[in-house]
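Quick note: the sequence shown uses the numbering used here, first residue -12, plus one each step.
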Amino acid sequence: MSSTGTPFRSSGSFDPGATLRLLASRGRAERLLHVHEVPARAAERAEWPDWVDPAVYAAFASAGIGSLWRHQREAADLAHAGRHVVMATGTASGKSLGYLAPVLTDLVEGAGAATGRGATALYLSPTKALAADQLARIQSLAIPGLRAATYDGDTPQEERRWIREHAQLVLTNPDLVHHSLLPQHQRWAPFLRALRYVVIDECHVYRGVFGSHLSALLRRLRRVAARYGSQPTFVLASATVRDPAAHAERLIGLPVHAVERDGSPREAMTFGLWEPGELPGSAPAGGGTADGGTVSGGREDTSGEVEDTSGETPVRRSATSEAADLLADLVAGGVQAVAFARSRAGVEALAASTRRSLAEVAPELEGAVAAYRGGYLPEERRALERSLRDGTIVGLAATNALELGIDISGLDAVLLAGWPGTRASLWQQAGRAGRSGTRSLALFVAADDPLDTYLVHHPEALFGRSVEATVMDPDNPHVLAPHLAAAAAELPLTEADLPLFGAHARELVDALVARRILRRRPGGWYWARTDRATDHVSLRGSGEVVGIVERRTGRVLGTIDESSAHSQVHTGAVHVHQGETYVVTELDLETSTASVVRGDPGWSTYAQSVSAFDIVGTERSFRWGLVEVCFGPVRVHTQVTSFLRRLPSGEIIGTHPLDLPRRTLSTKAVWWTMPVDALARAGVAEVDIPGAAHAAEHAAIGMLPLVATSDRWDIGGVSTAEHPDTGLPTILIYDGHPGGAGFAEHAFDAFDTWLSAPCSAIASCGCERGCPACVQSPKCGNGNEPLDKAGAVALLSMVLAAAPPRPEAGPPSTVAGGAPARSRG
Ligand SMILES: [Zn+2]
Ligand SMILES: [Zn+2]
-12 MSSTGTPFRS
-2 SGSFDPGATL
8 RLLASRGRAE
18 RLLHVHEVPA
28 RAAERAEWPD
38 WVDPAVYAAF
48 ASAGIGSLWR
58 HQREAADLAH
68 AGRHVVMATG
78 TASGKSLGYL
88 APVLTDLVEG
98 AGAATGRGAT
108 ALYLSPTKAL
118 AADQLARIQS
128 LAIPGLRAAT
138 YDGDTPQEER
148 RWIREHAQLV
158 LTNPDLVHHS
168 LLPQHQRWAP
178 FLRALRYVVI
188 DECHVYRGVF
198 GSHLSALLRR
208 LRRVAARYGS
218 QPTFVLASAT
228 VRDPAAHAER
238 LIGLPVHAVE
248 RDGSPREAMT
258 FGLWEPGELP
268 GSAPAGGGTA
278 DGGTVSGGRE
288 DTSGEVEDTS
298 GETPVRRSAT
308 SEAADLLADL
318 VAGGVQAVAF
328 ARSRAGVEAL
338 AASTRRSLAE
348 VAPELEGAVA
358 AYRGGYLPEE
368 RRALERSLRD
378 GTIVGLAATN
388 ALELGIDISG
398 LDAVLLAGWP
408 GTRASLWQQA
418 GRAGRSGTRS
428 LALFVAADDP
438 LDTYLVHHPE
448 ALFGRSVEAT
458 VMDPDNPHVL
468 APHLAAAAAE
478 LPLTEADLPL
488 FGAHARELVD
498 ALVARRILRR
508 RPGGWYWART
518 DRATDHVSLR
528 GSGEVVGIVE
538 RRTGRVLGTI
548 DESSAHSQVH
558 TGAVHVHQGE
568 TYVVTELDLE
578 TSTASVVRGD
588 PGWSTYAQSV
598 SAFDIVGTER
608 SFRWGLVEVC
618 FGPVRVHTQV
628 TSFLRRLPSG
638 EIIGTHPLDL
648 PRRTLSTKAV
658 WWTMPVDALA
668 RAGVAEVDIP
678 GAAHAAEHAA
688 IGMLPLVATS
698 DRWDIGGVST
708 AEHPDTGLPT
718 ILIYDGHPGG
728 AGFAEHAFDA
738 FDTWLSAPCS
748 AIASCGCERG
758 CPACVQSPKC
768 GNGNEPLDKA
778 GAVALLSMVL
788 AAAPPRPEAG
798 PPSTVAGGAP
808 ARSRG
């Protein structure tokens, strides 16, 4: 731990390489596994276009923006010409200027129309905070006569009316468009009639099921706008993602031009990969008896951080504790740094632990460390920014939230405690550091799980590789059907409308008629019920939701998908919600309510379940010798049967039966089969197949984020030594949402890339019989039994050896280098 208070930063100059060497001294050299130098990028400037309104230009010029970066100009020109465009450039590359220039120009010029609103624009962001920040930024430009306003759940009724009738620019979120704007489109008629632009910010967030919802919502918006005679131009902004044009086109259903070449300058960065030290007493034999919780002087305080309380015997210190030590060292050395943690509880733990370390070596700096969890009031955020600027705050612990809402540019170093979910997020967060003219430092500290471990040992999977694909399926019938019903409630659906909603829209509409949700009349399909169509669908979940309600106050804390409720909020479960710990006193399936009381009993709970699956059909398949790989619809049956209580040490203190019904999930899956004798030849005896297949399944799930932006809660797996539908040992990985979300299909397409990562990850893990860094899983429904680590390596090697030599590999290997991901609130 920190000691000397060596000044890393002397007389204003910061040397990231030297800092890294110092951090890795004092017996920690073996923890710094790799150092990567990211070169600087030169600026490419462009002039302001002639078409920009003089008032808009004057406002930006007086804000000090005398010229543009090349990508801003390119996107602005395209949007101004009415072309749909997506900007996918780095953090802090000024994407908003790319859309503000054309949007504000049209709004200002439209103000001269008889109605006072010749043009309007809608700005959509995934969070309220981001919309509020954008508004503040636009208002600071003080463009004469421009009327912009946020419109969200907190907007008072009288203000809503003013906004509908007068605002030229409305900043809102998809949920409001779904629940308010579209169902009440008549009230928005003048706004919709003049709708010239729709801006979709942070569009990489719309992936998986959320992406399917947004795609359906935007089709509804396009249809209603068209009824008022508008065909708005869509401008999307995204973190760097693979093939942003394809993602944007799936979202809006129209051809999109991508602007990807970043013209903003970037200082050079030194990027380190760090693996925390081993816990004393837990030789890398794994499965030992290390009492993870209290070692290293009681500093292992990670209670509530989901990722760190898997209950498995940890081998290494948590990323949170390790990052706290490093942050303390940096602060003591005078280096301003931010450490990102994966959860709000992790942020508190990280800040507290950093302060404790500093109390020993530099007590005067204890107060120079702050925690920032988001959700602060604007004045609190501004105060924090001031403290960072004037140096009262030197170290900051923050959640790796999408949008911090505070400006932390100018810091020297960024620590990432645990994988932030995607390479795109990694670069976004790393890019937070850097003063102009100085190199910056970024350090990724691995958590004790398979993906993090793999990444710090395989720098080639992080650097010099494009970011991951953003996966979603606009045709998911479970998502699309309720949106079609909502569309019919907005305006009767006609035959001519159906192509907008994809190839299967007609079947879905017919099914809705059969269920008496829609009625067919000569003028089209009509909503046939008396309630509100939009109340039947939540954009943030899939299907039914269970409310989490505080028993004492009746306050609804949040909701959870019904699909996760049995395993996460069963009676007796210890549930962490937004960093707070609760105990579920009752899960009532009749009323879809989980009643909870606040408090941490000191143990965590793990649902145990039995699973089986039926293969409904095979849509696509290929053969590698004796191995057959398939993709198609399946039904997964799961019954949560009991739960375990575990102390932080891993000790199990009880097993408790549960009486919950079996659930069936209709979804999409990728699966593969292997003959028993082929496995035997590869060294997996028949009795060892269940453990080998189970361990391979866990590792395959853990590595799926390398090829698609999923997280481990988005997908599930089942393995069996003999499946009734195939008659063979079968491993199946499925999308955890009804109707699928695109992850399993992407895994099928990238099959060889996907499976080679778990194979090498398990083989290179130093443990003897399996540990959380290789084959154990925190969400295993079988208590991680049986698991056969050596068998899994043999099984996966056998499958990979059966692959035909590249390049004519079986599946269309579109994913040459997928990417990692996880992350969910
Ligand atoms: Zn291991
Ligand atoms: Zn399992």
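C-beta: ideal position from N, C-alpha, C; glycine also.
With fewer than 16 other Cβ atoms from the protein chains shown falling within 10 Å of its own Cβ, residue 576 counts as exposed. Residue nearest to residue 535 within the set 500, 584, 666 and 495 is 584 (criterion: CA-CA distance).
When DSSP reads this structure, residue 356 sits in a beta bridge with 382. In the structure shown, residue 741 falls within a helical segment according to DSSP collapsed to helix, strand and coil. Non-local C-beta neighbours of residue 612 in its own chain, meaning closer than 6 Å and more than five positions away in sequence, comprise 789, ordered along the chain. Under the three-state reduction of DSSP, residue 638 is assigned to coil, being neither helix nor strand. Counting the other CB atoms within 10 Å of its CB gives residue 684 a total of 16 or more, which places it among the buried residues.
Separation of the CB atoms of residue 219 and residue 182 is rounded to 5 Å, and the pair is thereby assigned contact status at 8 Å.
Setting aside the 5 residues that flank it on each side, residue 665 is surrounded in the same chain by 613 and 785, each with a C-beta closer than 7 Å to its C-beta; the list follows chain order. Judged by beta-carbon spacing, residue 128 lies within the 8 Å limit of residue 47, meaning their Cβ atoms are closer than that value.
Per the CB criterion, closer than 5 Å to any heavy atom of ligand 1, the qualifying residues run in chain order as 752, 754, 758, 760 and 761. Not one heavy atom of ligand 2 sits closer than 7 Å to the Cβ of residue 746.
With a beta-carbon spacing of about 6 Å, residue 630 and residue 557 fall inside the 8 Å limit used to define contacts. When rounded, the separation of the alpha-carbon atoms in residue 308 and residue 340 is 7 Å.
Around the beta-carbon of residue 514, 16 or more other beta-carbon atoms lie within 10 Å, marking it buried.
Each of 211, 135 and 165 was checked against the Cα of residue 201, and the nearest Cα belongs to 165.
Ordered by chain, the residues meeting the criterion of a beta-carbon within less than 7 Å of a non-hydrogen atom of ligand 2 are 681, 684, 685, 764, 767, 768, 769 and 771. If you look at residue 633, you'll find it in the beta strand (DSSP E) that goes 614 to 633. Within the same chain, Cβ atoms closer than 6 Å to the Cβ of residue 89 are found at 63, 66 and 67, the five residues on either side in sequence being excluded.
About 5 Å separates the beta carbon of residue 647 from that of residue 627, a gap short enough to meet the 8 Å contact definition. Secondary structure at residue 247: coil, using DSSP grouped into helix, strand and coil. Restricting attention to 110, 213, 728 and 163, the CA atom closest to the CA of residue 652 is found in 728. Here the region 207 to 218 lies against the region 172 to 188, with 3 or more beta-carbon pairs under 8 Å apart. Two segments are said to touch when three or more pairs of C-beta atoms, one from each, lie closer than 8 Å; by this definition the region 712 to 719 touches the region 589 to 602.
Annotation: the region 515 to 602 contains the following complete segments of the alpha helix (DSSP H) (minimum length 4 residues), in chain order: 549 to 555. Contact check for residue 337 and residue 429: beta-carbon distance about 16 Å, past the 8 Å limit, so the pair fails to qualify. In this structure, the straight-line span from the alpha carbon of residue 654 to that of residue 592 is close to 27 Å. Note on geometry: alpha-carbon atoms of residue 581 and residue 662 lie some 44 Å from one another. For residue 153, the enclosing alpha helix (DSSP H) has its first and last residue at 144 to 153.
One Cα belongs to residue 320, the other to residue 353, and the distance between them is close to 13 Å. 8 Å or more divides the Cβ of residue 555 from the Cβ of residue 770. DSSP places residue 83 in the uninterrupted alpha helix (DSSP H) bounded by 82 to 97. According to the DSSP assignment, residue 653 belongs to the beta strand (DSSP E) that extends over 650 to 660.
Residue 436 sits buried, since 16 or more C-beta atoms from the chains shown fall within 10 Å of its C-beta. Residue environment: residue 102 is assigned as exposed (fewer than 16 neighbouring CB atoms within 10 Å of its CB, all protein chains considered).
Within the model, the alpha-carbon separation for residue 178 versus residue 543 is close to 34 Å.
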